[in-house]
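First residue of the sequence shown: 21, per the working numbering; consecutive thereafter.
Positions of the beta carbon are idealized from the N, C-alpha and C atoms, including for glycine.
What follows is a short report on a single structure.
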Amino acid sequence: MIKMLVAYSFLFFFLRAFAANDTITPSKSIRDGQTLVSANGIFELRFFSPGNSTMRYLGILYRNVASMTVAWVANRETPVIDHSGVLNVTSQGIVLLDGRARIVMSFETSRTMENPSVQLMDTGNLVVKDRNTDNLENLLWQSFDHPCDTLVPGMKLGRNFKTGTDRYLSSWKSTEDPAPGKFSLWIDPTGFPQLVLREGAAMHYRAGSWNGQGFTGTPPLTTNVPLCNFQFVLNETEVSYGCDTNGALVSRLWVDQSGLVQRSIRSQSEPEGWLRAYSAPVDQCDIYSFCGANALCMNSRSPVCACLQGFAPKSLKDWSSSNWSEGCIRKTQLSCTRGDEFFKYPRLKLPDTSNSWFNRNMSLKECADMCLKNCSCTAYANSDITGEGSGCLLWFSDLLDMKEYSDGGQDLYGRMSSSQPDRREKRLGFILGSVILMTMLVVGLILYIRKRKLKKKGMTNINLIKKYNNEGQKEDMELRVFDFACIATATDNFSSNNKLGEGGFGPVYKGTLVEGQEIAVKRLSKGSGQGMEEFRNEVTLIAKLQHRNLVKLLGCCIQADENMLIYEYMPNKSLDFFIFDQTRSNFLDWEKRINIIGGIARGILYLHQDSRMRIIHRDLKASNVLLDNDMNPKISDFGMARIFARDEVQANTNKVVGTYGYMSPEYAIDGLFSMKSDVFSFGVLVLEIVSGKKNWRFSHPDHDHNLLGHAWILWQENRALELAGDTLGDSCPPPEVLRCIHVGLLCVQQRPEDRPNMSSVVLMLGSQSSLPEPKQPGFFTERNLPEADSSSGNRQLSSTNEMTITEFEAR
């Protein structure tokens with residue numbers, strides 16, 4: 021009897037699994053457990069439960085893929101609560117019912133069909149058609165008209181101007197809920213049509229307008245495999261975008277829950293079955309209008325934002341503090357009567373075209389003439405760059421959301437007022453110049469008198485250091501220099517009661533100036549391994565750096581053999597004072613820790629990219645991160661920092677400096693340092709902040725790895741949350757902790773080229789986008805640093821403390 025029941029059960033499930041494999045008709049439905057497969061075997065229609073959800077959805081999925089990949093969901097907002105779902109076809113469309121015959125979802129039209137059938141096409145399109153014909157021109161209904169989060173070859177995005185129908189992609193709410201999320205990808209038909217990603221109703225990212233080859237803001241491909249034949253249609257009937265692979269390649273374009281637009285190619289060699297061809301937004305310059313109006317954004321430049329020719333920041337104060345949202349305004353208004361000029365900007369993502377005018381049949385010269393004749397025209401460009409270029413695009417207001425590429429993009433011609441002033445303007449310039457000269461003389465006299473008065477009180481302003489700016493020009497740097505007696509009085513003659521601590525530079529004291537301001541005084545020890553070179557280096561670099569996550573240098577003292585740096589006082593000392601102490605670490609809940617991680621990241625990004633100089637810190641560690649009253653982090657100690665030219669990628673040094681446990685492999689062993697060296701140090705800091713453990717002094721009963729090695733082992737065993745242990749208690753959301761560990765491991769990868777840059781790190785920390793899998797970290801298998809080549813006369817690189825190292829030679 022039991023054997024018979026087993027046999028019947030097997031037969032029942034066998035029939036359920038294979039009852040529907042080609043078409044669905046009014047007499048043949050598809051139930052939960054059955055599958056409708058496309059003829060080419062790529063797609064299947066079936067019920068599924070996403071993630072850990074128990075809800076059932078009817079969807080089109082890719083077959084034989086390692087990770088479940090959904091191309092389309094029928095009932096994305098109305099799931100079936102159990103396995104009772106059934107899909108029926110009627111003469112007017114399709115209907116999805118639950119076990120109580122209640123309608124869960126239906127797609128119906130006003131048209132009827134005598135012999136309707138549902139078929140899953142090789143393209144992944146679910147169609148309702150007459151089963152007696154193969155004609156697909158007169159379909160009753162098709163899923164391609166109702167996209168979800170994925171665009172497959174053969175499907176279109178865009179608007180039908182006759183019906184007003186929009187086809188657009190919308191992200192899932194979460195990995196377990198396919199209902200429409202907050203991100204959507206549209207073809208915006210206003211002005212010259214362009215591809216845009218919206219977050220709610222707001223613009224988030226703009227892929228740009230179609231230029232005959234692609235969208236001007238689409239990132240370059242990460243693979244040389246041809247994806248598909250891209251097709252863009254713009255006529256009186258429709259504007260649409262799609263692609264066709266002719267069945268040669270399986271690819272998809274999709275929008276994920278965090279707002280990333282991704283294109284992937286089916287690949288059996290990849291762990292999840294897909295090879296990512298590109299994703300966007302790539303960096304902060306891809307965020308819509310990141311630099312505001314009339315400004316360019318380029319990640320390789322520092323700062324990333326720059327006004328167009330003839331424009332200046334609308335708010336100089338905000339611009340100086342790296343807040344570029346206000347953008348730029350014209351220095352001189354346009355004047356049609358005297359004639360204007362055009363400045364050529366090459367390799368651009370063209371500005372927002374939603375308010376532009378276009379003519380697809382004009383030449384570039386005709387376009388320029390038309391713009392020049394219209395006093396409101398602000399810029400022009402070709403609308404099509406194929407061949408020698410053709411078509412005309414005109415802008416009539418502020419230019420928004422422009423990105424400059426190192427390679428690619430296209431030319432934009434921006435309008436600016438004529439650079440040839442008339443005689444009246446020359447006379448005005450002479451008068452203004454004379455007034456400015458007299459003003460400078462008066463101001464100089466006042467400053468000289470004030471300087472004499474201040475000197476009597478123990479302080480003065482002098483030109484301390486001549487330094488070179490990024491353009492190679494000498495630049496005077498004004499810095500407040502304190503008298504030794506003034507500092508001695510402020511620190512109670514360097515009383516031990518006022519001593520805050522001691523590092524490689526020397527002791528640090530707390531002090532209070534006569535005007536009541538609290539200060540921190542770093543006094544160069546006579547026996548210190550650091551000397552005047554590091555002292556001058558720190559003064560040179562930090563004096564003109566202004567960022568909320570960098571400690572502020574107030575001045576210095578140079579008198580006889582005394583050399584001191586005077587900083588703003590940080591009442592909460594340094595980060596290591598808290599995270600490595602079992603009691604004090606309780607004051608740092610997860611909210612404070614994630615704020616500290618983000619602040620450090622923004623500070624390093626400023627040094628690498630947004631400051632006037634590109635600076636490599638070279639000694640990032642917990643003791644060099646100070647905390648203010650509100651526990652906000654401020655990076656300090658720039659004695660080992662180095663300036664990089666804008667086009668400089670890597671440098672070599674004969675003197676390896678830094679702190680063991682934070683130095684990257686290529687730097688500690690070969691003396692090669694770059695921005696990726698700081699990224700490695702940041703990754704170590706992240707893992708230390710999460711775990712509350714020191715990297716270099718970490719020990720574990722089961723192995724002899726450092727903290728990086730321990731984190732890597734836990735990651736490979738899917739136990740990464742154990743890194744936090746009991747340090748954070750119940751205050752931390754596991755997804756955020758895992759994301760920080762993930763980012764930390766990406767930063768400490770062995771090879772510099774595998775590590776992300778800091779702009780990517782800041783984006784990773786601030787979003788929920790999918791991240792690449794990390795590779796093995798540096799120094800994973802070694803407790804101590806490798807021994808240098810004895811033939812080169814180098815010493816073994818090892819450390820018994822966390823003092824800054826300044827003497828070891830690199831090979």
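### Query
Rounded to a whole number of angstroms, what is the C-alpha to C-alpha distance between C387 and C412?
For the purposes of this step, residue 387 is taken as the residue at position 367 of the sequence shown. For the purposes of this step, residue 412 is taken as the residue at position 392 of the sequence shown. So the alpha carbons of these two residues sit roughly 5 Å apart.
### Query
So what does DSSP say about W192, is it helix, strand or coil?
Residue 192 sits at position 172 when you count from the first residue of the sequence shown. W192: strand per DSSP, three-state reduction.
### Message
Let me check understanding here. Comparing Cα to Cα, which of Q288, N255, E256, T257 lies closest to S271?
### Response
Locating residue 271 in the sequence shown gives position 251, counting from the first residue. The candidate whose alpha carbon is nearest that of S271 is Q288.
#### Entry: Assigned secondary structure, N644 (DSSP; H/G/I helix, E/B strand, else coil)
Walking along the sequence shown from the start, residue 644 turns up at place 624. Three-state result, N644: helix.
### Query
Should D832 go down as buried or exposed, given a rule of 16 or more other Cβ atoms within 10 Å for buried?
No answer is possible for residue 832: the residues shown for the chain start at 21 and end at 831.
### Task
Could you name the residues of the same chain whose beta carbon sits closer than 8 Å to that of I62, not counting the 5 residues immediately before and after it, in chain order?
Working through the sequence shown from its first residue, we reach residue 62 at position 42. Listed in chain order, the non-local C-beta contacts of I62 below 8 Å within the same chain comprise Y82, R83, D142, G144, V270, local neighbours out to five positions each way being set aside.
### Proximal residues to D264 (C-beta, below 7 Å), its chain only, five neighbours per side dropped
Taking the sequence shown and counting its residues from 1, one reaches residue 264 at position 244. Excluding residues within five positions, the ones whose Cβ falls inside 7 Å are P173, G174, C248, N249, Q251.
### Query
Measuring CA to CA, which of R739, L765, M318 is closest to N754?
By 1-based counting over the sequence shown, the position of residue 754 is 734. Before going on, a small fix: residue 754 reads as Pro here, not Asn. It is R739.
### Query
Out of S345, G53, E346, L627, which has the shortest C-alpha to C-alpha gap to Q566?
Residue mapping note: residue 566 aligns to position 546 of the sequence shown, counting from 1. Of S345, G53, E346, L627, the residue nearest in Cα terms is L627.
### Query
What residues in its chain sit with their C-beta under 8 Å from that of N41, if we drop five residues either side in the sequence?
As a first step, residue 41 is located in the sequence shown; it is residue number 21 there, counting from the start. With a pLDDT of 46 at N41, under the threshold of 50, the modelled position of this residue cannot be trusted, and the question is left open.
### Message
DSSP three-state label for M584, please.
### Response
Here residue 584 refers to the residue found at position 564 when the sequence shown is read from its first residue. Residue state for M584 is assigned as strand, using DSSP reduced to three classes.
### Query
Between the beta-carbon of R423 and the beta-carbon of C305, is there less than 8 Å?
As a position in the sequence shown, residue 423 is number 403, starting the count at 1. As a position in the sequence shown, residue 305 is number 285, starting the count at 1. According to the sequence provided, residue 423 is Lys. The question's Arg does not apply to it. For K423 and C305, yes; Cβs fall inside 8 Å.
### Query
Under the three-state reduction of DSSP, which class applies to K369: helix, strand or coil?
Taking the sequence shown and counting its residues from 1, one reaches residue 369 at position 349. In the structure shown, K369 sits in a strand (DSSP, three-state: E or B).
### Message
Rounded to whole angstroms, what is the Cα-Cα separation between C752 and V710?
### Response
Along the sequence shown, one-based indexing puts residue 752 at 732. Along the sequence shown, one-based indexing puts residue 710 at 690. C752 and V710 have their C-alpha atoms roughly 10 Å apart.
### Message
So for S516, helix, strand or coil by DSSP?
### Response
As a working note, residue 516 is residue 496 in the sequence shown. Of the three classes helix, strand and coil, the one that applies to S516 here is helix, per DSSP.
### Message
Counting C-beta neighbours from all protein chains within 10 Å, is the total for G105 16 or more, i.e. buried, or is it exposed?
### Response
Start at 1 with the first residue of the sequence shown, and residue 105 comes out as number 85. Buried, by the Cβ-count rule.
### Task
State the CB to CB distance for the pair V706 and V782, rounded to an integer number of angstroms; the pair is presumed to be in contact (CB under 8 Å).
Translated into positions along the sequence shown, residue 706 becomes position 686. Translated into positions along the sequence shown, residue 782 becomes position 762. That pair is no contact at about 13 Å.
### Query
Does the Cβ-Cβ distance between V100 and V124 come in under 8 Å?
As a working note, residue 100 is residue 80 in the sequence shown. As a working note, residue 124 is residue 104 in the sequence shown. Contact flag set, yes.
### Task
List the endpoints of the continuous beta strand (DSSP E) containing Q251.
Here residue 251 refers to the residue found at position 231 of the sequence shown. Counting along the chain, the beta strand (DSSP E) containing Q251 begins and ends at 249-254.
### A227 - partner residues in DSSP beta bridges
Your numbering for residue 227 matches position 207 in the sequence shown. Partner(s): none; A227 has no beta bridge.
### Task
Using beta-carbon positions only, say whether V148 and G113 come within less than 8 Å of one another.
The residue you call residue 148 lines up with position 128 of the sequence shown. The residue you call residue 113 lines up with position 93 of the sequence shown. For V148 and G113, yes; Cβs fall inside 8 Å.
### Query
Relative to the C-alpha of A86, which residue among R51, N379, E290 is closest?
Counted from its first residue, the sequence shown places residue 86 at position 66. Considering only R51, N379, E290, the residue with the shortest C-alpha distance to A86 is E290.
### Task
Go through its chain and collect everything with a Cβ distance to L625's Cβ below 7 Å, but skip five positions before and after it.
Taking the sequence shown and counting its residues from 1, the one referred to as residue 625 is at position 605. So the qualifying residues of the chain are M778, S779, V782.
### Query
Can you check whether the CB of C767 is closer than 8 Å to the CB of F718?
Here residue 718 refers to the residue found at position 698 of the sequence shown. Here residue 767 refers to the residue found at position 747 of the sequence shown. The answer is no: Cβ separation not under 8 Å.
#### Entry: Three-state secondary structure assigned by DSSP to W716
Numbered from its first residue, the sequence shown carries residue 716 at position 696. Residue state, collapsed to three classes: coil.
### Task
Would you check if the distance between the CB atom of I636 and the CB atom of S684 is smaller than 8 Å?
Looking up residue 636 in the sequence shown gives position 616. Looking up residue 684 in the sequence shown gives position 664. No, the pair does not count as a contact, with Cβ atoms beyond the cut-off.
### Message
Could you check whether C356 and C395 sit closer than 8 Å to each other, using their CB atoms as the reference points?
### Response
Here residue 395 refers to the residue found at position 375 when the sequence shown is read from its first residue. Here residue 356 refers to the residue found at position 336 when the sequence shown is read from its first residue. Yes, the pair counts as a contact, with Cβ atoms nearer than the cut-off.
### M458 classed as buried or exposed, judged by whether at least 16 other C-beta atoms fall within 10 angstroms
For the purposes of this step, residue 458 is taken as the residue at position 438 of the sequence shown. Exposed.
### Query
If we cut at 8 Å on Cβ distances, does E361 have a partner in chain D?
As a matter of chain content, chain D is missing from the structure shown, which is built from one protein chain.
### Contacts around K446, its chain only, beta-carbon distance under 8 Å, and the 5 residues preceding and following it disregarded
Position 426 of the sequence shown, counted from the first residue, corresponds to residue 446. Residue confidence is low: K446 scores 48 on pLDDT, short of 50, so the model does not pin down where it sits. No coordinate-derived value is stated.
#### Entry: Straight-line Cα distance separating V463 from A505
To locate residue 505, count along the sequence shown from 1; it is residue 485. To locate residue 463, count along the sequence shown from 1; it is residue 443. In this structure, the alpha-carbon of A505 lies about 29 Å from that of V463.
### Message
Can you tell me where the alpha helix (DSSP H) holding W344 begins and where it ends?
### Response
On the sequence shown, position 324 is the one that residue 344 refers to. Looking at the DSSP string, W344 is not in any alpha helix (DSSP H), and its letter there is neither H nor E.
### Task
Keeping to the same chain, check which residues put their C-beta closer than 7 Å to that of S341; ignore five residues upstream and five downstream.
Position 321 of the sequence shown, counting from 1, holds the residue named residue 341. Contacts found: Q566.
#### Entry: Ranges of the alpha helix (DSSP H) found wholly within the stretch 65-117, counting only runs of at least 4
none
### Message
Can you give me the C-alpha to C-alpha distance between G691 and R638, rounded to a whole angstrom?
### Response
Start at 1 with the first residue of the sequence shown, and residue 691 comes out as number 671. Start at 1 with the first residue of the sequence shown, and residue 638 comes out as number 618. When only Cα atoms are considered, G691 and R638 end up about 11 Å apart.
#### Entry: Beta-carbon spacing of Y11, P209 below 8 Å
The chain is shown from 21 up to 831; residue 11 falls before or after that span and cannot be answered.
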